[in-house]
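J.: Here it is: the structure, laid out below.
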Amino acid sequence: MDVALARSWVTAIATAVTEQADYLTQLDSAIGDADHGVNLNRGFTAVVAALDTADPRTVGDVFVKTGTTLVSKVGGAAGPLYGTAFRAIGKALPAEGSTVDAAELGAALRAGLAAVQKLGAAVPGDKTIVDAYGPAVAAFEKAADDGLPAAARAAAEAAAEGMRATTGLHARKGRASYLGPRSVGHQDPGATSTWLIFQALADVT
Ligand code: ADP
Ligand code: MG
0 MDVALARSWV
10 TAIATAVTEQ
20 ADYLTQLDSA
30 IGDADHGVNL
40 NRGFTAVVAA
50 LDTADPRTVG
60 DVFVKTGTTL
70 VSKVGGAAGP
80 LYGTAFRAIG
90 KALPAEGSTV
100 DAAELGAALR
110 AGLAAVQKLG
120 AAVPGDKTIV
130 DAYGPAVAAF
140 EKAADDGLPA
150 AARAAAEAAA
160 EGMRATTGLH
170 ARKGRASYLG
180 PRSVGHQDPG
190 ATSTWLIFQA
200 LADVT
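FYI, numbering that gives the first Met the number 0 numbers position 9 of the sequence shown as 8, with every residue one higher than the one before it.
Pasting the structure below:
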């Protein structure tokens with residue numbers, strides 16, 4: 000991955016989030032407060048604008064800028080969580096050099112997951128972002144030797160599976176946890192946006 004591809008990924012996330020904003024908000028209206036699509040759309044629109052005027056030298060710089068912008072522009076739970084993830088991904092990548100390989104990106108994605116779990120304290124099965132992100136990183140790492148496109152495809156498939164499995168889960172973190180057992184039967188909005196993020200990576204690689 001080079002700087003141009005990193006930019007393309009982030010732009011593809013922004014496009015997907017805009018296209019799916021109503022769907023994400025609809026999912027959040029069932030078990031949250033109906034703002035997930037609005038939040039992420041505002042955030043990634045700001046990220047694209049910020050990257051347009053930035054001159055990132057490394058792939059890591061692209062993701063640090065992405066994360067910093069999300070943290071500053073998005074309220075709610077998911078903005079700071081995704082912002083922290085992208086910042087951690089960027090910081091885990093080499094500070095020099097114009098490209099990163101699939102193994103380096105896999106390790107950075109793993110650091111992003113750790114940052115999400117450190118901030119949000121969610122574990123697998125809590126019906127959150129972690130339930131799509133965790134399987135996606137594991138699949139990415141497992142397929143990294145086959146190259147970035149294969150790893151990204153595997154990650155997107157695993158994220159989709161994790162996302163679908165959140166429907167049967169009882170929420171233990173975030174607003175949906177206020178519903179207790181009534182959260183069962185609804186797909187988690189954050190796990191759904193995590194799938195969009197990994198699907199966007201598969202689409203551009
Ligand atoms: P808010 O819940 O503040 O309105 P959003 O609607 O933007 O924020 O995001 C909701 C999503 O955030 C949930 O669907 C869930 O996936 C995710 N989420 C909430 N709390 C956590 C947490 N502690 N760890 C990981 N993800 C979380
Ligand atoms: Mg919400």
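Every residue, glycine too, gets a C-beta built ideally from N, C-alpha and C.
Measuring only between beta-carbons, confirm whether V2 sits less than 8 Å from chain B.
T.: The chain inventory of the structure shown lacks chain B, comprising one protein chain alone.
J.: Find out if the Cβ-Cβ distance for the pair F85, T57 is shorter than 8 Å.
T.: If you number the sequence shown from 1, residue 85 lands on position 86. If you number the sequence shown from 1, residue 57 lands on position 58. No.
J.: How is T44 classed by DSSP in three states: helix, strand or coil?
T.: Locating residue 44 in the sequence shown gives position 45, counting from the first residue. If DSSP states are grouped into helix, strand and coil, T44 belongs with the helices.
J.: Whole alpha helix (DSSP H) runs in the region 94 to 124 with 4 or more residues, listed along the chain?
T.: For the region 94 to 124, whole alpha helix (DSSP H) runs of length 4 or above, ordered along the chain, are 101 to 119.
J.: Nearer than 7 Å: is that true of the beta carbon of R174 relative to any heavy atom of ligand 2?
T.: Position 175 of the sequence shown, counted from the first residue, corresponds to residue 174. True, at least one ligand heavy atom lies under 7 Å from that Cβ.
J.: Is it the case that the CB of D21 approaches a heavy atom of ligand 2 more closely than 7 Å?
T.: Residue numbering aside, residue 21 sits at position 22 when the sequence shown is read from its first letter. The answer is no for D21.
J.: Roughly how many angstroms lie between the CA atoms of L26 and A175, to the nearest whole one?
T.: The residue labelled residue 26 in the question sits at position 27 within the sequence shown. The residue labelled residue 175 in the question sits at position 176 within the sequence shown. Rounded to the nearest angstrom, the two C-alpha atoms are 11 Å apart.
J.: In angstroms with no decimal places, state the Cα-to-Cα distance between E140 and S182.
T.: Against the sequence shown, residue 140 aligns to sequence position 141. Against the sequence shown, residue 182 aligns to sequence position 183. Each residue's alpha carbon lies about 31 Å from the other.
J.: Can you give me the Cβ contacts of S131 inside the same chain, cut-off strictly under 6 Å, excluding the 5 residues immediately before and after it?
T.: Taking the first residue of the sequence shown as position 1, residue 131 is located at position 132. Per the sequence presented here, residue 131 reads as Ala, with Ser not at that position. Around A131: A158, G161, M162, A190, T193, W194.
J.: Do A149 and F197 have their beta-carbon atoms positioned less than 8 Å apart in this structure?
T.: Numbered from 1 along the sequence shown, position 198 holds the residue referred to as residue 197. Numbered from 1 along the sequence shown, position 150 holds the residue referred to as residue 149. No, these two residues do not count as a Cβ contact at 8 Å.
J.: Where does D1 sit, in a helix, a strand or coil, going by DSSP?
T.: Here residue 1 refers to the residue found at position 2 of the sequence shown. Strand.
J.: According to DSSP, is Q186 helix, strand or coil?
T.: As a working note, residue 186 is residue 187 in the sequence shown. Here Q186 sits in coil by DSSP.
J.: Hey, out of V46, V61, A135, T14, whose CA is closest to A91's CA?
T.: Reading the sequence shown from its first residue, position 92 is the one you call residue 91. Measuring from the Cα of A91, the nearest candidate turns out to be V61.
J.: Quick check: does the Cβ of L168 come within less than 7 Å of any heavy atom belonging to ligand 1?
T.: Here residue 168 refers to the residue found at position 169 when the sequence shown is read from its first residue. Checking every heavy atom of ligand 1 against the Cβ of L168, none is found closer than 7 Å.
J.: Sort T166, V136, D125 by Cα distance to G184 and report the nearest one.
T.: Against the sequence shown, residue 184 aligns to sequence position 185. The candidate whose alpha carbon is nearest that of G184 is T166.
J.: Going by DSSP in three states, A157 sits in which element: helix, strand or coil?
T.: For the purposes of this step, residue 157 is identified with residue 158 of the sequence shown, where counting begins at 1. A157: helix per DSSP, three-state reduction.
J.: Taking 7 Å as the cut-off, does the CB of G75 come closer than this to any heavy atom belonging to ligand 3?
T.: For ligand 3, the structure offers nothing, since it holds only ligand 1 and ligand 2.
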